[in-house]
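Chains as they are written, first to last, in my numbering: chain P, 1 to 336; chain A, 1001 to 1304; chain R, 2001 to 2337.
The beta-carbon is built from N, C-alpha and C at its ideal position, and this holds for glycine as well.
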Amino acid sequence: MHFATYIGRRLLFIAPQLLGIVLVSFLLIKTIPGDPAVLMLGPTATPESIASLRAKMGLDQPIPAQFAIYVKSLLRGDLGTSWQTTKPVLDDLVQRFPATVELVTFGLLMAIAIGVPLGVASAVNPKGWLARVADFYGLSAGAVPDFWLALVFIYVFYTVLGWLPAPLGRIDLSIIPPRQVTGIYTIDALLAHDWQAFVSSASHLVLPVATLGLINAGPILKMTHATVERMLQSDFSRYEVLSGMPRSHVVRSALRNALPSIVTIIGVLYGFLIGGAVLVEIVFSWGGAGQYAVQGVLNSDIYPVLGFVLFSAIFSLVVYLIVDLIYFAIDPRIGH
Amino acid sequence: MRDYLDLAWRIALARPRFALGYFIVAAVTTVALLAPWIAPYSPITADPTRFLEPPSWDHWFGTDAVGMDIFSRTIYAPRVDLTIAILGTLISAVLGSLIGALVGFYSDRRGIRSAVSYGVMRAADVLQAFPVFVFAIALVASLGQSLHTVVLAIAFVNAPIYLRLMRAQVLTIRGMRYVEAAQVAGLSDLHTILRHVIPNAMAPVLAQISVNIGWSILLTSALSFIGAGVRPPTPEWGSMIAMGFQNIVTGQWWPSLYPGLALSVTVFGFALVGSSIEVLADPIKRRALVAELRPRGAAVLHRA
Amino acid sequence: MMSPLSATTPADARARDLLLDVRHLTVEFPTVLGPARIVLQDISFSLVSGEIVGVVGESGAGKTTLARSLLGLPPVPSRIVSGEILFRGRDLRTLRDAELRRIRGKDLSMIVPNPRGELNPLSTVGQQIAAVASVHLSLGRKQARQAALEMLKAVQIPDPARRMDAYPHELSGGMAQRVVIAMALVCSPGFVISDDATSGLDVTVQAQILDLLRTLAETRHSSMLFITRDVGIAAHFCDRIAVIYAGRIMEIAPRQRFFFEPSHPYTIMLLAAFSHSAELRRQWTVPDVRRRTGAGGGCSYADRCPLAQDKCRSVEPALTELAPGQFTRCHFPVVRR
């Protein structure tokens, strides 16, 4: 079918999916104990002021009505206000989401750089020592907690060796962040030709990216290995060997056929990590969106949580759409 | 009986990693059970005069910031972590599999059942689109923080996995002849499911359970790390790591290192056990493994 | 020492090249329980340049194993355990992988059945043929593409220029088979193995493919080993025909003798299946009851042979020459008086 029709159809489905997600998170959040009005006004609030704030926030209405109010404000672009930061959730997220995206994207790139080559190498030479190493790595990467690995790295590279900066955020406290274009410090610093800011933000990225990269290389490695191995055992691969094609060609065509599965897992991981990098964000005081949401839950601050869920859901859906488009480009059998 | 032991020994020799996995799981479980007798100190008594002491003969793993012995706490912790992880995983496996089997079985009959099946699958989709971690925290927060709620949160988060797994298995098996034969013979649906469908779908589910337990331990400790899981002073690996967090920067590595090591090794063991079940429960892979053994191993299986 | 099964007298064989000389090839299939099952037992035959030899047998007789073993790639998990495969005088079993890769596809190639499953789904047909040409003939991209186009024309694919850019799943079975033939022949190999190249195709398409193969073999001076389940097809153009049963050669004879004076009961049964006489079929056909594993003494065909006697069940017959060029593995071959 036509490219445009395909995209159109997918986009059409995004709206109801998002609605479903918002509904579920709304209901879930509503069950969290804690009265937002009380929290916002503090311990010295009078019962009258609490009551009037509740009325203003619509908290005295039945749940379906509250949901309708929320959705209406969503459509206006109002995601509510966080009582902790006292700022609109939308602004908070716009500031924090790029931090998470930067961290997760670089981490994922590193995971791909480690996982795919190791996976291919171990599939091509299943009895070699590299295959054993890859196997062990795949299992260990899934067993080590990311927050602990982060602490180990901090101890070695900051406390003992002093090569890298303290885990206190994205950039040295003494350096002013670059002018916001994308919200991603490294890119913005490059765009603004601010070398100092670039070096500082990049050095702060090293340890958290290494943590995420090393651990998430595991699932990518496993999937790459399994799929490439399957392709090498398929009829068409054996036929290429039968025709005397050189090893490099056989491996390359097996890898190409394995790409859909590999791209899928990368996409799934990407969506997962937006919320899944929370612990690393917390350890490094990253100021990311996941950390923001967790603080919201722990403090009964509901709008940040809802806002974060919405952002990450949209992000995931966009990623899955891109993954499907990649399939479209790679595999000539789809869409015919 | 001796023949089975012999076979087990030969499998262990052929695949030392399986043996390692079972050993780790057995060792951790044993240590956890025997902790009250092995631990040199009480896991929750603090001695403020001896805080942050490095590892020594007195305190093998050192002491933490309030003076509790880290070794004792490290070996007491699996009592909590394993219990939560195993209970949570089993609950999710049983419930998820049952619902998944029903969904798979009814998914293209006409009428209410099929509509409900469809609805359940879409609900599972939405649940899985949630950021897992935030969801787990929200569940614990909404249900009140206690051991039971952590178990429930683990169960809830993992259930969709078993639901999908079972459903996929059921859909495959349902198309097979002997199931059709059973239905033609007039057996009730429930009977068919229980006797024919579920036993054949078990293999991947069993392998998944072991890996899941490992993952649930990680999730439990992650929740405890940020304070939304098990609360101190109950010994739990994640909360111990959190307690040692600040000390890392000032150079005291031992409060966080040992619990994290213990955690990693345990999860690693469960992952190995999971991969062993994957091989042993799948008839094709099992045969390939047995073929590698010396002929005696094959003869045992032949007789079995 | 020369194989006793060459088509011609020793003097002639010395004069023309022995293109392929297979000696005592044995292939086994390891089983989970018990000893390995023998798939091919003591296979010996040879081929000279310009010959087309047919190999006929039923499913499971070992035909595909033979085809792939000749290329050094027996289907996993089978293993070659003994024997020599002399191709132009060199034993393929002693060559290193790099050497074998040079030979495969270039001097010795194979046409496979089920073509759509054996072609890379992500490459166009033209790219795949061109790849083979460019690797083995060291052609540049444009030349390789040209060679692929020429080959597609030679296999008579309609509208070859457009089909070059088609993907395997877009082709019908017959067209995919032609593509595989094109791939096997693009380097004009001296020897082509055709494994069941026409199974699964419509009868009319089968006939076209067979004609095509014969023409190509003649114009490119390729010798061919033509493997099939269908004795009738072998009649189409094979110079000599061998019959395989349970991994052993039961009979091998030149075409005339094969059809007019078959000597092995199994050969007769295969031919009788084509006969109009139901009586004849019944006379020579005993249904296969037990699965032969190649173990135990005696002729492997004894269970199904209407002429079997005690000696047949205890002593395995050897391949003996009945007439010039005709060899039979039977204690009591049928000979016309």
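Q) So, is the C-beta of Thr85 (chain P) closer than 8 Å to a C-beta in chain A? A) No, its Cβ sits nowhere closer than 8 Å to a Cβ of chain A.
Q. Whose C-beta lies closer than 7 Å to the C-beta of Thr2293 (chain R) among residues of the same chain, with five residues either side of it excluded?
A. Note that Thr2293 (chain R) has pLDDT 48, beneath the 50 cutoff, so the model's placement of it is unreliable and no number is given.
Q) For the alpha helix (DSSP H) that Pro1233 (chain A) lies in, which residues bound it at each end? A) Careful: Pro1233 (chain A) lies outside any alpha helix (DSSP H) and carries neither H nor E.
Q) In the structure shown, what three-state DSSP assignment does Val199 (chain P) receive? A) helix
Q: Report the residues of the segment 243-267 of chain P with a CB closer than 9 Å to any CB of chain R, ordered along the chain.
A: Ser243, Gly244, Met245, Pro246, Arg247, His249, Ser253, Arg256, Asn257 and Leu259
Q) What is the DSSP secondary structure of Pro2221 (chain R), counted as helix, strand or coil? A) It should be pointed out that residue 2221 (chain R) corresponds to His in this sequence rather than to Pro. Residue state, collapsed to three classes: coil.
Q: With 7 Å as the C-beta to C-beta threshold (strictly closer), list the residues of the segment 129-146 of chain P near chain A in chain order.
A: For the segment 129-146 of chain P, which is checked against every Cβ of chain A, the residues closer than 7 Å are Leu139, Ser140, Gly142, Ala143, Val144 and Pro145.
Q: Quick one: list the residues of chain A neighbouring Thr159 (chain P), beta-carbon separation under 9 Å, in chain order.
A: Ile1248, Val1249, Thr1250, Gly1251 and Trp1253
**Q.** Collapsed DSSP secondary structure at Phe284 (chain P) in the structure displayed
**A.** It is coil, neither helix nor strand.
Q: Can you tell me the Cβ-Cβ gap for Ile1217 (chain A) and Leu1263 (chain A), rounded? I've got them flagged as a contact below 8 Å.
A: 7 Å
Q. Does the beta carbon of Gly1100 (chain A) sit closer than 8 Å to a beta carbon anywhere in chain B?
A. Judged by its chain identifiers, the structure shown contains no chain B, and its protein chains are P, A and R.
(Q) Measuring straight from C-alpha to C-alpha, what distance separates Gln84 (chain P) and Gln66 (chain P)? (A) As the crow flies, the alpha-carbon of Gln84 (chain P) is around 21 Å from that of Gln66 (chain P).
Q. What do you reckon, are the CB atoms on Tyr2301 (chain R) and Gly2057 (chain R) nearer than 8 Å?
A. Remark: C-beta atoms of Tyr2301 (chain R) and Gly2057 (chain R) do not approach each other more closely than 8 Å.
Q. Near Arg2336 (chain R), what residues of its chain come up, given a Cβ to Cβ distance below 8 Å and the 5 sequence neighbours on each side ignored?
A. Glu2261
Q. If we cut at 8 Å on Cβ distances, does Ala14 (chain P) have a partner in chain A?
A. The residue you asked about is not Ala; residue 14 (chain P) is Ile in the sequence shown. Cβ-Cβ to chain A under 8 Å: no for Ile14 (chain P).
Q) What residues from chain P crowd round Phe1156 (chain A), counting only those whose CB sits closer than 9 Å? A) Result: empty, since nearest Cβ-Cβ is about 11 Å, beyond 9 Å.
Q) Counting only beta-carbon atoms, is Val2112 (chain R) nearer than 8 Å to chain P? A) yes
Q. Quick one: complete beta strand (DSSP E) runs, 3+ long, within the segment 2083-2113 of chain R?
A. Taking only runs of at least 3 residues, the beta strand (DSSP E) segments lying wholly in the segment 2083-2113 of chain R are 2108-2111.
Q | Residue interval of the beta strand (DSSP E) (run including Glu240 (chain P)) | A | Element bounds for Glu240 (chain P): not the beta strand (DSSP E) but the alpha helix (DSSP H), Asp235 to Leu242.
Q: Just the chain A side, please: which residues come within less than 9 Å of Gly276 (chain P) by C-beta, in chain order?
A: Pro1131, Val1132 and Phe1133
(Q) Pairs of beta-carbons, one from the segment 233-240 of chain P and one from the segment 149-162 of chain P, closer than 8 Å: are there three or more? (A) no
**Q.** DSSP three-state assignment for Pro1259 (chain A), whether helix, strand or coil
**A.** helix
Q: Can you have a look at Tyr1162 (chain A) and say buried or exposed, based on whether 16 or more other CB atoms are within 10 angstroms of its CB?
A: Within a 10 Å sphere around the beta-carbon of Tyr1162 (chain A) sit 16 or more other beta-carbons, which makes this residue buried.
Q) Taking Cβ positions only, does Tyr327 (chain P) come closer than 8 Å to chain R? A) no
Q. Rounded C-beta distance between Val280 (chain P) and Asp146 (chain P)? I'm assuming under 8 Å.
A. Right, the Cβ-Cβ distance comes to about 6 Å (below 8 Å), so this counts as a contact.
Q.
Residues in the same chain with beta-carbon distance under 8 Å from Ala2015 (chain R), minus the five sequence neighbours each way, listed in chain order, please.
A. Because Ala2015 (chain R) sits at a pLDDT of 41, beneath the cut-off of 50, its placement in the model cannot be relied upon, and the following sentence gives the value as read from the coordinates. Hits under 8 Å: none found.
Q: Below 9 Å between beta carbons is the criterion; list the residues of the segment 2117-2148 of chain R that meet it against any residue of chain P, in chain order.
A: Gly2117, Glu2118, Leu2119, Asn2120, Pro2121, Leu2122, Ser2123, Thr2124, Gln2128, Ala2131, Val2132, Val2135 and His2136
Q. Going along the chain, which residues of its own chain have a beta-carbon closer than 6 Å to the beta-carbon of Arg2329 (chain R), five neighbours each way excluded?
A. Met2250, Pro2317 and Leu2319
Q | Val22 (chain P) versus Gly307 (chain P): straight-line alpha-carbon distance, rounded | A | 9 Å
Q: Answer with yes or no whether the minimum CB distance from Ser2078 (chain R) to chain P is below 8 Å.
A: no
Q.
Buried or exposed, going by whether 16 or more other CB atoms sit within 10 Å of the CB of His2169 (chain R)?
A. Label assigned to His2169 (chain R): exposed.
Q) Taking the continuous alpha helix (DSSP H) assigned at Arg2023 (chain R), which residues delimit it? A) No alpha helix (DSSP H) holds Arg2023 (chain R); the beta strand (DSSP E) holding it covers Leu2018 to Phe2029.
(Q) Considering only heavy atoms of the ligand GTP, does any lie closer than 7 Å to the CB of Asn1158 (chain A)? (A) The ligand GTP is not part of this structure, which contains no ligands at all.
Q: Under the assumption that Ile1277 (chain A) contacts Leu1206 (chain A) (Cβ atoms under 8 Å), give the Cβ distance between them as a whole number of angstroms.
A: 5 Å
Q. How many Å lie between Gln1169 (chain A) and Ala1201 (chain A) at the Cα?
A. 6 Å
Q | Expected contact under 8 Å - CB spacing of Ile215 (chain P) and Pro260 (chain P) to nearest Å | A | In fact, because the Cβ distance is near 24 Å, the residues do not count as touching under 8 Å.
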